[in-house]
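A.B. asks: Residues in the sequence shown are numbered from 9 upward in steps of one, following our numbering.
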Amino acid sequence: MIRRLDTSVGGIAGVIRALERPPGSVDPEISRRVAEIVAAVREKGDAALLDFTQRFDRVALTASELAVGPPEYAAAERAVGEATLRSLRYAAERIERFHRECAPRSWRMKDDNGSRLGQEVRPLDRVAVYVPGGRAAYPSTVLMTVVPAVVAGVREIVLVSPPSADRSLNAAVLAAARIAGVTEAYRVGGAQAIAALAYGTETIRRVDKIVGPGNIYVALAKAQVFGDVGIDMVAGPSEVLVVADDTADAGFVAADLLAQAEHDPMARAVLLTPSRALRDAVAAELGRQLAGLPRREIAGAALASHGALVLTASLEEAVELANGLAPEHLELQVADPEGLLARVRHAGAVFLGRHTPEVVGDYVAGPNHVLPTGGTARFSSALSTEDFVTRLSVIEYSPEGLAEAGPHVSLLSRVEGLDGHGAAAAIRIARAGGKR
9 MIRRLDTSVG GIAGVIRALE RPPGSVDPEI SRRVAEIVAA VREKGDAALL DFTQRFDRVA
69 LTASELAVGP PEYAAAERAV GEATLRSLRY AAERIERFHR ECAPRSWRMK DDNGSRLGQE
129 VRPLDRVAVY VPGGRAAYPS TVLMTVVPAV VAGVREIVLV SPPSADRSLN AAVLAAARIA
189 GVTEAYRVGG AQAIAALAYG TETIRRVDKI VGPGNIYVAL AKAQVFGDVG IDMVAGPSEV
249 LVVADDTADA GFVAADLLAQ AEHDPMARAV LLTPSRALRD AVAAELGRQL AGLPRREIAG
309 AALASHGALV LTASLEEAVE LANGLAPEHL ELQVADPEGL LARVRHAGAV FLGRHTPEVV
369 GDYVAGPNHV LPTGGTARFS SALSTEDFVT RLSVIEYSPE GLAEAGPHVS LLSRVEGLDG
429 HGAAAAIRIA RAGGKR
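Structure representation (structure tokens):
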């Protein structure tokens, strides 16, 4: 059901090679189709958008039916019920609290000559969040993408999601949208939705940035429109690595691996441990718990293709292996998780201790669950308020500061063959000197 690997055979590098996914080559035909969809929406606007919605989602809409109206939000709240609304509000409050704490702020400094330097933080004007549809509903993704944008001060937040056969959007998604602060919502999905957001149509105005997960068509469309519009990341299948010692509960570890595996047959779930006894106990627990899981076919396929139980020489080696894989989620189910955290360099989010399952990060902990995948945690981070702002560098020189800088500006401008640059500073210095 799940592979067993050992760093004593091939070392850390050997295990990383064994866990590598097949080359990330996308079928050229899919890339070509996405490019055609994007080009058609860019050229034909609503007409192409509606045509693709009927073709791919089998939903016939008119342009006037794309937007979600206020009565639909109210109906969605009634449909989900007060218990669900309470849980959504609870999650939203915690997400808001965390993102307010880490929000970037404007600042100033003054140097010895009285010149002032700093940054002004400004929110983006208009952003969009993509929420997947299909067999599952993702109100948690609504909260995780919209709340940080609201905290950052974004005025216009657009939600898009593919419609169901009856033209509706998922009730929990719409309820979360109202709680989080969405200002517009449209029943459209896929690559065509990304193109509409990037270039605009008669009904949907273009945005400054698109965030949120989606299928391969959505991911490729985001990559293709990047540059004309900002994006958060091109996310791949979800993944969890659990580093555990012999103090860990095998049942907890297995449950966390399965929680990740049930996402998708491509999901990765890996245990790294120096304890042979724990490894064997987790293997047994996986078999027992999987049998009772409603999505056992999906989880079983993920474990068989992309899961592993890895025996390491030590906890330190386990963390070094985790750093090499740079996972989306990293759990430290060890006796001293805080002590081991100091060795972690690359991970999207780290979960400390046996009472911190990754699933609390998915829903209610507060830090964002939109995270880098596929090893990209080596150079990127979780979605945050920083993704919804720009930073304006602010420079205000004093006459004394410019006089001090002048010779350096003059020399460096000559080195670069741009004498006019030096002259722009020199004329000010000369006139300031003449007024003294």
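Backbone N, C-alpha and C fix where the C-beta goes; we use that ideal spot for every residue, glycine too.
Buried or exposed for SER322, going by 16 or more other Cβ atoms inside 10 Å?
C.D. replies: exposed
A.B. asks: Among the residues of its own chain, which have a CB less than 6 Å from the CB of LYS118, if the five just before and after it don't count?
C.D. replies: ARG124
A.B. asks: What are the start and end residues of each continuous alpha helix (DSSP H) run of 4 or more residues lying completely inside the region 388-431, in chain order?
C.D. replies: 407-423
A.B. asks: Can you give me the start and stop residues for the beta strand (DSSP E) that ALA193 sits inside?
C.D. replies: 192-195
A.B. asks: Where does the unbroken beta strand (DSSP E) through GLU128 begin, and where does it stop?
C.D. replies: 124-131
A.B. asks: Using 8 Å as the Cβ pair cut-off and three pairs as the minimum, do the region 17-24 and the region 168-182 touch?
C.D. replies: no
A.B. asks: Taking the alpha carbon of LYS52 as the point to measure from, which residue in GLN127, THR92, THR209, ALA68 has its own alpha carbon closest?
C.D. replies: THR209
A.B. asks: For the beta strand (DSSP E) containing THR281, list its first residue and its last residue.
C.D. replies: 276-281
A.B. asks: Check whether the region 246-264 touches the region 222-237, taking contact to mean three or more Cβ pairs, one atom from each stretch, closer than 8 Å.
C.D. replies: Per the Cβ contact rule, the region 246-264 is not in contact with the region 222-237 (fewer than 3 Cβ pairs under 8 Å).
A.B. asks: Apply the 10 Å Cβ neighbour rule to PRO302 and answer buried if 16 or more other Cβ atoms are within range, or exposed otherwise.
C.D. replies: exposed
A.B. asks: By the 10 Å Cβ neighbour count, where 16 or more other Cβ atoms means buried, how is ALA193 classified, buried or exposed?
C.D. replies: If you draw a 10 Å sphere on the C-beta of ALA193, you find 16 or more other C-beta atoms in it, and that means buried.
A.B. asks: Check the C-beta distance from VAL397 over to ALA136 and give it rounded, since I have them as a contact under 8 Å.
C.D. replies: Under the criterion of beta carbons closer than 8 Å, VAL397 and ALA136 do not qualify as touching, at roughly 16 Å.
A.B. asks: Does the distance from the C-beta atom of ALA307 to that of LEU298 stay below 8 Å?
C.D. replies: yes
A.B. asks: Of all the alpha helix (DSSP H) runs that stay within the bounds of the region 298-361, which reach a length of 4 or more residues?
C.D. replies: 304-314, 323-333, 345-349
A.B. asks: Name the two residues that bound the continuous beta strand (DSSP E) containing ASP120.
C.D. replies: No beta strand (DSSP E) contains ASP120, which DSSP labels as neither H nor E.
A.B. asks: Looking at the secondary structure, which residues open and close the beta strand (DSSP E) in which ARG533 lies?
C.D. replies: The structure shown does not extend to residue 533, since the chain is modelled only from 9 through 444, so no value can be given for it.
A.B. asks: Cβ of VAL233 within 8 Å of Cβ of VAL46?
C.D. replies: At the C-beta level, VAL233 and VAL46 come within 8 Å of one another.
A.B. asks: Rounded to the nearest angstrom, what separates ALA157 and LEU265 at their Cα positions?
C.D. replies: Roughly 31 Å separates the two Cα atoms.
A.B. asks: Mind the definition here: the region 380-396 touches the region 329-340 only if three or more C-beta pairs lie below 8 Å; say whether that holds.
C.D. replies: yes
A.B. asks: What residues match up with GLY374 in a beta bridge as DSSP calls it?
C.D. replies: Per DSSP, none; premise fails for GLY374.
A.B. asks: Note down the Cα distance separating LEU294 from ALA275, rounded to an integer number of angstroms.
C.D. replies: C-alpha separation (whole angstroms): 15 Å.
A.B. asks: When you compare each of TYR98, ALA48, TYR207 to GLY235 by their alpha carbons, which one comes out closest?
C.D. replies: TYR207
A.B. asks: What residue does the alpha helix (DSSP H) around ARG105 start on, and which one ends it?
C.D. replies: 90-109
A.B. asks: Which whole-angstrom value describes the C-beta separation of ALA183 and ALA68, a residue pair presumed to lie in contact below a C-beta threshold of 8 Å?
C.D. replies: With a Cβ gap of about 26 Å, ALA183 and ALA68 do not count as contacting.
A.B. asks: So, GLY141 versus SER169, is the Cβ gap smaller than 8 Å?
C.D. replies: yes
A.B. asks: Thinking ALA48 and ALA56 are a contact (beta carbons under 8 Å), I'd like their distance in whole angstroms, please.
C.D. replies: Their Cβ separation, rounded to whole angstroms, is 4 Å, which keeps ALA48 and ALA56 in contact under 8 Å.
A.B. asks: In chain order, what residues of the same chain have a beta carbon less than 6 Å from the beta carbon of HIS314, not counting five sequence neighbours either side?
C.D. replies: Cβ contact annotation for HIS314 (same chain, cutoff 6 Å, sequence separation greater than five): ARG276, in chain order.
A.B. asks: If we count Cβ pairs, one from each stretch, closer than 8 Å, do we get three or more for the region 357-369 versus the region 269-289?
C.D. replies: By the Cβ criterion, the region 357-369 is not in contact with the region 269-289, since fewer than three pairs of Cβ atoms, one from each stretch, lie closer than 8 Å.
A.B. asks: Rounded to the nearest angstrom, what separates GLU404 and PHE260 at their Cα positions?
C.D. replies: 57 Å
A.B. asks: I need the DSSP call for GLU247, collapsed to helix, strand or coil.
C.D. replies: strand
A.B. asks: Return the CA-CA distance between ALA438 and GLY126, expressed in angstroms with no decimal places.
C.D. replies: 27 Å
A.B. asks: Leaving aside the five residues before and after GLY122 along the sequence, list all residues of the same chain whose C-beta is less than 6 Å from its C-beta, in chain order.
C.D. replies: SER406
A.B. asks: Would you kindly report the start and end of the unbroken beta strand (DSSP E) that includes GLU164?
C.D. replies: 164-169
A.B. asks: Touching or not, the region 283-290 and the region 236-249, by the rule of three or more beta carbon pairs under 8 Å?
C.D. replies: no
A.B. asks: Looking at C-alpha atoms only, which residue of ALA330, ARG296, VAL166, VAL290 is the closest neighbour of LEU27?
C.D. replies: ALA330
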